[in-house]
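Take a look at the structure set out below.
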Amino acid sequence: MALIGQIRKNSWILVIAVGLGLGGFLLMDMVSANKGPGNGLSQLVVGTVNGEKVRRTEFEKVNSLRYSGSSTNVYQNRNSLWDWYVEDYLLKGEAEVLGLGVSPAEITELEFGDNLSPVIRRNFPNPQQPGAINREQLNYFKQIIEGNTLQDEVAAGRLNASFPDFWRMQRDMIVKERLQAKVQALVQKAMYTPTWMAEMGYNEQNQTVDFAYVKISYDQIANEEVSLSDSDLSSYLNANEARFKRKTEQRVLDYVVFDVVPTAADSTELRNKISSLKAEFATTDSDSNFVIRNEGIITPTYSSKADLSTAIADTVMALPAGSVYGPYIEMGEYRLVKVIDKAVMADSADTRHILLSANTTDEFAKANERADSMINVLRAGTAVFDTLVVKFSQDPGSVSNGGKYENVTPNQFVPEFNKVLFITGQIGQLYKVRTSYGIHIVEVLKRSANTTPRVMVAYLRDPIVPSKDTQDNTFQLASQFVGANRDLEDMIKAAGEATDLRVVSTPALDKNSYELGPLGFSNDTKDAICWAFTASPGEVSPTVYTFTDQQRYYDNKYVILGLKQVLAAGVPSVADVREELEAEVMNIKKTELLSGKITGTDLVTMAGQFGVQVDTITNAAFDRPSMPGLGNEARVIATAVGMTQGQTSKPIQGEGGVFVVQLTRKAAIGQATNLPQIRQRMSRTAQGMVASYFMTALKESAKVDDNRTTFECN
Numbered sequence: 156m157a158l159i160g161q162i163r164k165n166s167w168i169l170v171i172a173v174g175l176g177l178g179g180f181l182l183m184d185m186v187s188a189n190k191g192p193g194n195g196l197s198q199l200v201v202g203t204v205n206g207e208k209v210r211r212t213e214f215e216k217v218n219s220l221r222y223s224g225s226s227t228n229v230y231q232n233r234n235s236l237w238d239w240y241v242e243d244y245l246l247k248g249e250a251e252v253l254g255l256g257v258s259p260a261e262i263t264e265l266e267f268g269d270n271l272s273p274v275i276r277r278n279f280p281n282p283q284q285p286g287a288i289n290r291e292q293l294n295y296f297k298q299i300i301e302g303n304t305l306q307d308e309v310a311a312g313r314l315n316a317s318f319p320d321f322w323r324m325q326r327d328m329i330v331k332e333r334l335q336a337k338v339q340a341l342v343q344k345a346m347y348t349p350t351w352m353a354e355m356g357y358n359e360q361n362q363t364v365d366f367a368y369v370k371i372s373y374d375q376i377a378n379e380e381v382s383l384s385d386s387d388l389s390s391y392l393n394a395n396e397a398r399f400k401r402k403t404e405q406r407v408l409d410y411v412v413f414d415v416v417p418t419a420a421d422s423t424e425l426r427n428k429i430s431s432l433k434a435e436f437a438t439t440d441s442d443s444n445f446v447i448r449n450e451g452i453i454t455p456t457y458s459s460k461a462d463l464s465t466a467i468a469d470t471v472m473a474l475p476a477g478s479v480y481g482p483y484i485e486m487g488e489y490r491l492v493k494v495i496d497k498a499v500m501a502d503s504a505d506t507r508h509i510l511l512s513a514n515t516t517d518e519f520a521k522a523n524e525r526a527d528s529m530i531n532v533l534r535a536g537t538a539v540f541d542t543l544v545v546k547f548s549q550d551p552g553s554v555s556n557g558g559k560y561e562n563v564t565p566n567q568f569v570p571e572f573n574k575v576l577f578i579t580g581q582i583g584q585l586y587k588v589r590t591s592y593g594i595h596i597v598e599v600l601k602r603s604a605n606t607t608p609r610v611m612v613a614y615l616r617d618p619i620v621p622s623k624d625t626q627d628n629t630f631q632l633a634s635q636f637v638g639a640n641r642d643l644e645d646m647i648k649a650a651g652e653a654t655d656l657r658v659v660s661t662p663a664l665d666k667n668s669y670e671l672g673p674l675g676f677s678n679d680t681k682d683a684i685c686w687a688f689t690a691s692p693g694e695v696s697p698t699v700y701t702f703t704d705q706q707r708y709y710d711n712k713y714v715i716l717g718l719k720q721v722l723a724a725g726v727p728s729v730a731d732v733r734e735e736l737e738a739e740v741m742n743i744k745k746t747e748l749l750s751g752k753i754t755g756t757d758l759v760t761m762a763g764q765f766g767v768q769v770d771t772i773t774n775a776a777f778d779r780p781s782m783p784g785l786g787n788e789a790r791v792i793a794t795a796v797g798m799t800q801g802q803t804s805k806p807i808q809g810e811g812g813v814f815v816v817q818l819t820r821k822a823a824i825g826q827a828t829n830l831p832q833i834r835q836r837m838s839r840t841a842q843g844m845v846a847s848y849f850m851t852a853l854k855e856s857a858k859v860d861d862n863r864t865t866f867e868c869n
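In our numbering, the protein residues as written are 156 to 869.
Okay, here's the thing in structure tokens:
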């Protein structure tokens, strides 16, 4: 099937491929003598971290263990795992130098003790108690691990054969997390705020100023009036190399999308299909079975008019129970809606209950018997509800209140409880209710006088998607397009001549990218990126790449790609970042031009000169660079704080324009009397940043060779 798919994607070159087939076999024989599977030994190593090898077999094994059943895309998972390996190797190197480690006793404590690792807390949650740990499961694993009976449990089929490997992987994660915490703690403890810095922090926070200002927008000068030379751009780039420097080579693609949209015939066929179910939907004796069989849904709640879509609300509320309305179109689907039940329900109610938790069949049976006994003694008057709540109820949210919940609104509780509370139950009576939580003893205490009509509804839905024929026809159009346009210039020209096509550029992609900008991810994305790193600028890929609707699973886009640009690692050329440079240098030039037009220091005169107004800011401080009405203008705030009262600034290059500031008030600040507290606060802030920047700093100083694409792109 994979081979057929590849032939389909490249159908336009099939004739040429057949013609060259014999030559291809001869070339393969010549090349294979010098090129073993996966290029030999390089395939055994995913990469290196400061010379330490990350072996492919281990990487793939851990990837399988860690992400089996994961819903995230495979390459995102591989990137996350690679980052984990890099961090793990770097931490082990730092720990060795510092003499740090994690002892066997410490590992046992982190796995099974009172101070569990965050890894264990993530992997073994208690489904019945959010935030709690599944101690029963942990104790079982502890017993078989310490008793050395792990393999016996696997042999007996009580544990998956991969469990020993999983536990070893988990232990590595625990050790890595613990080492990271220890190394970071050393860095944090070494951080200190000197007195001069504490005093500066005090001044930055407490020195407030008021000022008037004039803002002259950059739009006052048209871009065409500004002369930008390559020398200007080059000078700016040289002065800001660090900002523009690339760590790795990147590539930019141009692409054209053939959107797959349903035709009128597709829509008519889908409408007829769902219409054919309407009569049976209305008369079926088993709504739930019919709905499940036809991939619909029954809403377990009772909806008011306000809860329903405006497209059907009035109609549905007027229909009698058992009626079906539709088909109608909503959210890209043809739908039928059936009124299952109608009820007039109180807007709120008070209740009290006793919950006997149950999960298994046996637990439900025992809880059911106990509930019967409690109801009998309550009805006989030989027991008090509040007393039984305290003694037996397993609902922590209501035990302290005698089991009461007040002002409960419809659908706030699970459907079974909701039905008794608002529809079938009588005030003052006791009811036994089974829910997913267990068995409840429920008493309805009160209902509000205000009521609202409500309905329970079921839906049949059929998404309006392109048929297989429509998808195939669109694919053929894309194949013809790529066959006729074999270089980027031709592709761009052809797209420009078409009314429904346009050329879009991706962001800069590195070799381990797994998404194509706004196109996102598809099964073909990695193939496209691999091609980009073998192509030359101006080439167009021979493949038509398929993107699938992730909710409805049909081909919704066919994409043609061409390589627009290769961005080398290191400091880029002006040509590579011209657009970005021009935007920034343009503002510098406009600042110079606007500054040259400003005369005098009177703000009112300036405002009149440029047709703007004089605005004011109060209580600005250095550590608050963004102010209401001003926006994020750090240069403006910093300039104002550094001025003396009555002083008028020179023109300031801001984010949104050129500013001139006149300081109207500068508050006097006294000597700091709480420097120890300020020092402590600033130290805590700096220490808190360690977790965010520590690993980044380690990675930037390390020598990391990432060779994953040598086998991901085969």
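Glycine is no exception: its CB is placed at the ideal position from the N, C-alpha and C atoms.
Inset, instruction - Within 10 angstroms of the Cβ of glutamine 152, are there 16 or more other Cβ atoms? Answer buried if so, exposed if not. - result: One cannot answer for residue 152 here, as it falls past the ends of the chain, which runs 156 to 869.
Legend entry - Completely contained alpha helix (DSSP H) runs for the stretch 738 to 777, where each covers 4 or more residues: The alpha helix (DSSP H) runs lying completely inside the stretch 738 to 777 and spanning 4 residues or more are 758 to 765, given in chain order.
Legend entry - Endpoints, alpha helix (DSSP H) assigned at methionine 611: To locate residue 611, count along the sequence shown from 1; it is residue 456. No alpha helix (DSSP H) contains methionine 611, which is instead part of the beta strand (DSSP E) from 606 to 618.
Legend entry - Proximity test, arginine 290 beta-carbon vs the ligand MN heavy atom, cut-off 6 Å: In the structure on display, the ligand MN does not appear, and there are no ligands present to speak of.
Legend entry - Under 7 Å between C-beta atoms of glutamine 362 and isoleucine 824: The residue labelled residue 362 in the question sits at position 207 within the sequence shown. The residue labelled residue 824 in the question sits at position 669 within the sequence shown. Between glutamine 362 and isoleucine 824, the gap from beta carbon to beta carbon is short of 7 Å.
Inset, instruction - In the DSSP assignment, find the beta strand (DSSP E) that holds aspartate 238 and state where it starts and stops. - result: Working through the sequence shown from its first residue, we reach residue 238 at position 83. No beta strand (DSSP E) contains aspartate 238, which is instead part of the alpha helix (DSSP H) from 229 to 253.
Inset, instruction - In the DSSP assignment, find the unbroken beta strand (DSSP E) run with aspartate 541 in it and report its ends. - result: The residue labelled residue 541 in the question sits at position 386 within the sequence shown. From DSSP, aspartate 541 is part of no beta strand (DSSP E) but of the alpha helix (DSSP H) over 540 to 547.
Inset, instruction - Pick helix, strand or coil for methionine 328, following the three-state DSSP scheme. - result: Position 173 of the sequence shown, counting from 1, holds the residue named residue 328. Helix.
Inset, instruction - With a floor of 3 residues, list each beta strand (DSSP E) that falls wholly inside the stretch 608 to 675, ordered by position along the chain. - result: Listed in chain order, they are 658 to 660.
Legend entry - Inter-residue spacing [alpha-carbon to alpha-carbon] between alanine 397 and phenylalanine 849: Counting from 1 along the sequence shown, the entry for residue 397 is found at position 242. Counting from 1 along the sequence shown, the entry for residue 849 is found at position 694. Rounded to the nearest angstrom, the two C-alpha atoms are 20 Å apart.
Inset, instruction - Assign glutamine 817 to one of three DSSP states: helix, strand, or coil. - result: Mapped onto the sequence shown, residue 817 falls at position 662. The DSSP-derived three-state label of glutamine 817 is strand.
Inset, instruction - Please work out which residues of its chain come closer than 6 Å, Cβ to Cβ, to aspartate 550, disregarding the five sequence neighbours upstream and downstream, and give them in chain order. - result: For the purposes of this step, residue 550 is taken as the residue at position 395 of the sequence shown. Excluding residues up to 5 positions away in sequence, Leu510 lie with their Cβ nearer than 6 Å to the Cβ of aspartate 550 in the same chain.
Inset, instruction - From the DSSP output, read off the bridge partner residues of arginine 839. - result: Taking the sequence shown and counting its residues from 1, one reaches residue 839 at position 684. DSSP lists no beta-bridge partner residue for arginine 839.
Legend entry - Three or more C-beta pairs below 8 Å linking the stretch 446 to 460 and the stretch 642 to 656: Result no; under three Cβ-Cβ pairs closer than 8 Å.
Inset, instruction - Excluding the 5 residues preceding and the 5 following threonine 348 in the sequence, name in chain order all residues of the same chain whose CB lies nearer than 6 Å to its CB. - result: In the sequence shown, residue 348 corresponds to position 193, counting from 1. So the qualifying residues of the chain are Arg834, Met837 and Ser838.
Inset, instruction - Leaving out five residues on either side along the sequence, give the residues of the same chain with a beta carbon under 7 Å from the beta carbon of serine 225. - result: Your numbering for residue 225 matches position 70 in the sequence shown. Cβ within range, chain order: Asn232.
Inset, instruction - Identify whether lysine 601 lies in helix, strand or coil by the three-state DSSP scheme. - result: Counting from 1 along the sequence shown, the entry for residue 601 is found at position 446. The answer is strand: DSSP assigns lysine 601 an E or B state.
Inset, instruction - Work out the CA separation of serine 553 and aspartate 860 for me, nearest whole Å. - result: Counted from its first residue, the sequence shown places residue 860 at position 705. Counted from its first residue, the sequence shown places residue 553 at position 398. The straight-line gap from Cα to Cα measures roughly 58 Å.
Legend entry - Straight-line gap, alanine 857 to proline 783 (C-alpha atoms, nearest Å): Translated into positions along the sequence shown, residue 857 becomes position 702. Translated into positions along the sequence shown, residue 783 becomes position 628. In a straight line, the C-alpha of alanine 857 is about 43 Å away from that of proline 783.
Inset, instruction - In the DSSP assignment, find the unbroken alpha helix (DSSP H) run with threonine 516 in it and report its ends. - result: Taking the sequence shown and counting its residues from 1, the one referred to as residue 516 is at position 361. Start and end: 516 to 535.
Inset, instruction - Kindly confirm or deny that the stretch 730 to 748 and the stretch 668 to 676 touch, where touching means at least three C-beta pairs closer than 8 Å. - result: The stretch 730 to 748 is not in contact with the stretch 668 to 676.
Inset, instruction - Decide if glycine 312 is buried, meaning its Cβ has at least 16 other Cβ atoms within 10 Å, or exposed. - result: On the sequence shown, position 157 is the one that residue 312 refers to. With fewer than 16 Cβ atoms within 10 Å of its Cβ, glycine 312 is classed as exposed.
Inset, instruction - Would you identify the three-state DSSP class for leucine 305, choosing helix, strand or coil? - result: Here residue 305 is taken as the residue at index 150 of the sequence shown, counted from 1. In the structure shown, leucine 305 sits in a helix (DSSP, three-state: H, G or I).
Inset, instruction - Alpha carbon to alpha carbon, how far is lysine 493 from arginine 210? Give it in angstroms, no decimals. - result: For the purposes of this step, residue 210 is taken as the residue at position 55 of the sequence shown. For the purposes of this step, residue 493 is taken as the residue at position 338 of the sequence shown. Between the C-alpha atoms of arginine 210 and lysine 493 there is a straight-line separation of about 58 Å.
Legend entry - threonine 756 and threonine 803 closer than 7 Å at C-beta: Counting from one through the sequence shown, the residue named residue 756 turns up at place 601. Counting from one through the sequence shown, the residue named residue 803 turns up at place 648. For the pair threonine 756 and threonine 803, the CB atoms are nearer than the 7 Å cut-off.
Legend entry - Cutoff 8 Å; reference asparagine 573; Cβ partners in own chain excluding five residues on either side: As a working mapping, residue 573 is identified with position 418 in the sequence shown. Thr456, Tyr457, Pro565, Asn566 and Gln567.
Inset, instruction - Determine the extent of the alpha helix (DSSP H) in which methionine 500 is found, giving its start and end residues. - result: For this step, residue 500 is matched to residue 345 along the sequence shown. No alpha helix (DSSP H) holds methionine 500; the beta strand (DSSP E) holding it covers 488 to 501.
Inset, instruction - Count the other C-beta atoms from every protein chain shown that fall within 10 angstroms of the C-beta of serine 223, then say buried if there are 16 or more, exposed otherwise. - result: What you label residue 223 is simply residue 68 of the sequence shown in a count that begins at 1. Exposed, because fewer than 16 other Cβ atoms sit within 10 Å of the Cβ of serine 223.
Inset, instruction - At 3 residues or longer, and completely inside the stretch 698 to 740: list those beta strand (DSSP E) runs for me, N to C. - result: DSSP runs (the beta strand (DSSP E)) wholly in the stretch 698 to 740: 700 to 703 and 710 to 722.
Inset, instruction - Provide the residue span of the alpha helix (DSSP H) that contains isoleucine 684, from first to last. - result: Working through the sequence shown from its first residue, we reach residue 684 at position 529. In the DSSP assignment, isoleucine 684 falls within the unbroken alpha helix (DSSP H) covering 680 to 687.
Legend entry - Nearest to serine 120 (by Cα), restricted to the options Val499, Lys433, Pro319 and Ile743: Outside the modelled stretch of the chain, which goes from 156 to 869, sits residue 120, for which no answer is possible.
Inset, instruction - Can you grab the Cα-Cα spacing for the pair glutamine 306 / phenylalanine 321, in whole Å? - result: Here residue 306 refers to the residue found at position 151 of the sequence shown. Here residue 321 refers to the residue found at position 166 of the sequence shown. Roughly 13 Å separates the two Cα atoms.
Inset, instruction - Please say whether leucine 718 and alanine 687 have beta carbons closer to each other than 7 Å? - result: The count along the sequence shown starts at 1 and reaches residue 687 at position 532. The count along the sequence shown starts at 1 and reaches residue 718 at position 563. By the CB criterion at 7 Å, alanine 687 and leucine 718 fall inside the cutoff.
Legend entry - Alpha-carbon spacing of phenylalanine 318 relative to threonine 304, whole angstroms: The residue you call residue 318 lines up with position 163 of the sequence shown. The residue you call residue 304 lines up with position 149 of the sequence shown. When the Cα atoms are used, phenylalanine 318 and threonine 304 turn out to be separated by approximately 13 Å.
Inset, instruction - Please classify glutamate 694: does DSSP put it in a helix, a strand, or coil? - result: As a working note, residue 694 is residue 539 in the sequence shown. If DSSP states are grouped into helix, strand and coil, glutamate 694 belongs with the strands.
Inset, instruction - Identify whether aspartate 365 lies in helix, strand or coil by the three-state DSSP scheme. - result: Residue numbering aside, residue 365 sits at position 210 when the sequence shown is read from its first letter. Strand.
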